[in-house]
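Residues -19 to -1, 1 to 352 in mature numbering (1 follows the signal peptide of the UniProt record, and there is no 0) are what the sequence shown spells out, letter by letter.
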Amino acid sequence: MQWSLILLFLMAQSCVITCQLHEYLYVGAQRSWSEAQRYCRDRHTDLATVSNMADMKRLISESSGNRNEAWIGLRDQTGANRTWYWSLPGVEFNDSQTNWHSGEPSDAGGDENCVIVRQDLKWIDVHCKVLLAHFLCYDETNTRQFFLINQPVRWLEAQRYCRESHTDLISGWNQLQDPQLKDLLSPEAAGTNIHIGMFRDTWKWSDGSRSSFRLWNLQFNMDKYNSGQCAMAVFDDGGRWMSGDCDQPKPFICYGDNMILIKEKMNWEEALYYCRDHYHDLVTITNLDDQRWVEKKVKDASTPFVWTGLRYTCTLELWFWVSDEAVSYKNWVSGGPEDDCDMSGAMETGGQHQWVKKNDNEEFNFICSKA
């Protein structure tokens, strides 16, 4: 069986360009936001959800040079509670991990929607339009991860600078507890207020996604909420977003899934053949963005786990994706998998949706990629 599976692996239709689990479709017909939402749900999956800058670049490329504004799937709720987010895509806010200064969040005036820190790294909520002399950037590609920038800016300007020059504003509990950061602030930040990548709003995605990614233009008022307005991408401003009256007719952008949940129970090899016979392959997860898209699908499964295209071979002593992608991104349960023969990778359908190893003969639902 091992050699037959290795042959299947070698014969897999690998992607010359990284496979995408969703695609964007620009629709030039002008519709209100609600009409656009209905159109996308009837013909595709939903109005566009954008999870990171890579998504945004693909969305812009689908506009085919069109310079008009186009609706995306983000709408400001009315009468909703504000939700805290981190600016860096994929970092989720956790209510059990907070570091508020005494008396915070105070929400003075009822519209303090951004957060700053001082040298002690305690959190303080402020108005997003406040002008501060310092902000902290995070850089995932640099051995030096944190940069204290001395430049008077408002929160949106700080976010833009960090995304263009580094990765993003510093985000998340782990980053803000890093010893490197405390060393950086000790000599330079005494008595100063510093922007960090924490904000809150009442905006929600049409498909229910938890994506915290926002790309507002610099004129956007982050202190305003529960407006009932809708978001549009403005292509002559680099795709940056602005908000407007949802009843205005505009072009719009849909997205379509390139994967499907099969709610039949099969063992791993049966699932592999089924996907290759009817679609493309068992799903491959190469990054956090892929993980989030698959998570949305597995919530509807009828089994506690779903099969993925992840397989262990004793012959080569390695885990591999049957689509010929390297296993770079990983989301195993604590401790990771032990290397065992006749084991394949599955995802939890509840909880944190982490990966687990399961015996090939167990029967679960599974996810097929379509392209």
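All C-beta atoms, glycine included, are put in the ideal place defined by N, C-alpha and C.
| task | Put A139 into one of helix, strand or coil per three-state DSSP. | result | Shown here, A139 sits in a helix according to DSSP, grouped into three states.
| Sequence ranges, alpha helix (DSSP H) only - wholly within the region 29 to 85, length at least 4 | Runs found: 34 to 43.
| field | Where the beta strand (DSSP E) through A212 begins and ends | value | C211 to V215
| What three-state label does DSSP hand N155 in the structure shown? | helix
| query | Applying the criterion that 16 or more other CB atoms from any shown protein chain within 10 Å of the CB defines a buried residue, is A61 buried or exposed? | reply | exposed
| request: Out of T289, N312 and G220, point me to the one whose CA is closest to G46's CA. | output: Selection T289, N312 and G220 evaluated against G46 yields G220 as nearest (Cα-Cα).
| said: For Y254, report the span of its beta strand (DSSP E) as first-last. | reply: Counting along the chain, Y254 falls outside any beta strand (DSSP E), though it belongs to the alpha helix (DSSP H) covering W249 to H259.
| message | Taking 6 Å as the limit between beta carbons, can you name the residues of its chain near S187, skipping five residues before and five after? | response | Q18, D27, L28 and G54
| query | How many angstroms separate the CA atom of E73 from the CA atom of V96? | reply | 16 Å
| said: Just to confirm before moving on: does the CB-CB distance between D120 and T148 stay below 8 Å? | reply: yes
| field | C-beta atoms of M203 and L137 nearer than 8 Å | value | yes
| Is C118 helix, strand or coil by DSSP? | In the three-state reduction of the DSSP assignment, C118 falls in the strand class.
| request: Would you mind working out which of H25, A51, K278 and C118 sits nearest E145, comparing C-alpha positions? | output: C118
| query | Should N340 and M328 be called a contact, given that it needs their Cβ atoms to be closer than 8 Å? | reply | no
| CA-to-CA distance, D182 to K110, given in whole angstroms | 14 Å
| said: In the DSSP output, what is A327 paired with across the bridge? | reply: W288 and V337
| message | Taking only three categories from DSSP, how would you classify F347? | response | strand
| request: Could you spell out where the alpha helix (DSSP H) holding N278 opens and where it closes? | output: The residue you asked about is not Asn; residue 278 is Lys in the sequence shown. Taken as a continuous stretch (DSSP letters only), the alpha helix (DSSP H) holding K278 covers L269 to V279.
| message | For the structure I just gave you, are there three or more beta carbon pairs, one from the region 301 to 314 and one from the region 260 to 267, closer than 8 Å? | response | yes
| Stretch-stretch touch, CB-based, cutoff 8 Å, three pairs: the region 195 to 212 with the region 268 to 279 | no
| request: Determine the direct distance from the alpha carbon of T330 to that of T284, and round the result to whole angstroms. | output: 7 Å
| message | Am I right that H176 and F116 are in contact with their C-beta atoms under 8 Å? What's the rounded C-beta distance? | response | 4 Å
| query | Does the region 33 to 51 come close enough to the region 204 to 215 that 3 or more CB-CB pairs lie under 8 Å? | reply | yes
| field | Helix, strand or coil at Y20 [DSSP, three-state] | value | helix
| field | Proximal residues to I(-3) (C-beta, below 8 Å), its chain only, five neighbours per side dropped | value | In this prediction, I(-3) has a pLDDT of 41, which is less than 50 and means its spatial position is unreliable; what the coordinates show is noted afterwards. Cβ neighbours of I(-3) beyond the five flanking positions: none.
| query | Do you know offhand how far I105's Cα is from D228's? | reply | 37 Å
| message | Rounding to the nearest angstrom, what Cα-Cα distance links Y254 and K246 in this structure? | response | 13 Å
| field | Whole-angstrom C-beta distance between S44 and D270, which should lie under 8 Å | value | D270 to S44, Cβ: 20 Å. No contact.
| query | Nearest CA to the CA of Q100: which residue from H82, A89 and M179? | reply | H82
| task | Please report the residue range of the beta strand (DSSP E) in which W302 lies. | result | Looking at the DSSP string, the run of the beta strand (DSSP E) that includes W302 is L299 to W302.
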